[in-house]
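Numbered continuously in full-length UniProt numbering, the sequence shown closes out at residue 217.
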Amino acid sequence: MSEFLSSGRRDGRKAYEIRGFRCELGYLERADGSCRLEQGRTQVVAAVYGPLEARGRNELPDRTFVDVSIRPFQGYTTDYLRLRERELKEIFDATIATEIQPRSCVTIVIQIIENDGSLMAAVINACMLSLLSAGIPCHWLAASCTVSYRGKDGVLLDPTLVEELEGYATSVISYGYEGPQSVLSQNLIGLHCNGFVSSQDIYFSSLSFSQEACRKV
């Protein structure tokens with residue numbers, strides 16, 4: 001693990017350690033499925049509604065329409081969040097078995113409560129748990145983690161917000177898991193990188209290390 005930083009972190013974790021998770025399924029009574037997820041001090045709530053009858057342009061003859069919206073803790077939705085909504089839609093369009101129930105709609109709503117780093121990974125994990133809570137058929141289980149690149153010093157897994165700001169780049173990496181535990185298959189289903197990664201070797205090594213982190217999720 002030479003690609004990881006050798007020095008300690010402010011919260012006492014090693015470079016390859018992720019923060020502890022706490023989740024509560026069925027958090028919202030009026031949603032068909034929901035989850036409140038805490039990852040360190042990062043907190044989000046995801047809710048799933050549907051499948052319901054789709055109307056207008058959302059009615060697709062061959063599959064379920066998936067709608068995703070992110071609500072910030074304060075203020076209005078920004079261009080940054082709109083881009084993240086598109087990425088989430090791509091991930092869950094592929095994850096949900098949309099071919100089972102055409103002309104229907106599944107709506108996923110995410111409320112950001114607090115952001116202390118690795119926000120989008122927490123959002124993806126909360127959405128997946130909410131889909132399971134709602135009983136929505138899926139092709140695989142999606143899991144996500146965040147990697148912060150520190151130049152020649154290597155990488156940190158599950159960075160806090162301060163660690164993200166100190167790094168050269170940050171990647172949100174998501175995998176889909178399917179099959180029995182004994183022969184579990186793993187496929188890359190989402191990758192978003194913000195910033196510049198100076199070493200190709202570190203970049204590809206981080207993909208390998210992120211697989212193990214997502215398995216732990």
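Quick reminder that beta carbons are idealized off the backbone N, C-alpha and C, glycines included.
When the options are compared against residue i, the one with the closest alpha-carbon
i	options	result
Asp62	Gly135, Thr146, Ala122, Cys105	Cys105
Gln74	Ile112, Leu188, Ser148, Gly40	Ile112
Arg150	Thr107, Gln200, Tyr49	Gln200
Arg55	Thr170, Ala94, Val162, Pro102	Pro102
Leu98	Lys216, Ser174, Val66	A small correction: the amino acid at residue 98 is Thr; Leu does not occupy that position in the sequence shown. Of the listed residues, the one whose Cα sits closest to Thr98 is Val66.
Glu87	Arg215, Phe209, Leu191	Leu191
Ala213	Ala169, Val197, Leu165, Pro159	Pro159
Val155	Ser133, Asn187, Ser206, Gln186	Ser206
Thr64	Asp32, Thr107, Glu85	Thr107
Ala31	Arg19, Leu129, Phe21, Tyr49	Tyr49
Met128	Tyr16, Glu17, Ala15, Val68	Val68
residue 218	Ile18, Arg82, Cys138, Ala15	Residue 218 is absent from the structure shown; the chain starts at 1 and stops at 217.
Helix, strand or coil at residue i according to DSSP, with G and I counted as helix
i	result
Thr107	strand
Phe73	coil
Arg82	helix
Ile136	coil
Tyr149	strand
Gly56	helix
Val162	helix
Asp116	coil
Leu188	strand
Thr98	coil
Leu141	strand
Leu28	coil
Asp67	strand
Val172	strand
Phe204	helix
Phe21	strand
Val45	strand
Alpha carbon of residue i to alpha carbon of residue j, nearest angstrom
i	j	result
Leu119	Val172	9 Å
Leu157	Cys23	20 Å
Ser2	Arg13	With a pLDDT of 46 at Ser2, under the threshold of 50, the predicted position of this residue should be treated as unreliable, though the coordinate-derived value follows. Each residue's Cα considered, the two are about 16 Å apart.
Val109	Pro72	11 Å
Ser6	Ala122	Annotation note: pLDDT 47 at Ser6 (below 50); position unreliable, no value reported.
Glu163	Arg41	14 Å
Ile124	Tyr175	10 Å
Ala47	Glu29	10 Å
Arg9	Asn58	46 Å
Trp140	Asp11	33 Å
Phe204	Ser34	34 Å
Ala143	Lys89	15 Å
Leu161	Asn115	7 Å
Leu25	Gln39	15 Å
Thr77	Glu166	25 Å
Tyr177	Ala94	12 Å
Leu52	Ile202	45 Å
Gln186	Gly179	9 Å
Gly20	Arg215	14 Å
Leu131	Phe196	34 Å
Arg36	Ile70	14 Å
Leu83	Leu188	19 Å
Inter-residue CB distance, residue i and residue j (contact presumed, cutoff 8 Å)
i	j	result
Ile136	Ile96	6 Å
Ala169	Cys193	6 Å
Ser210	Val147	6 Å
Val44	Ala134	So it is not a contact: roughly 16 Å between Cβ atoms.
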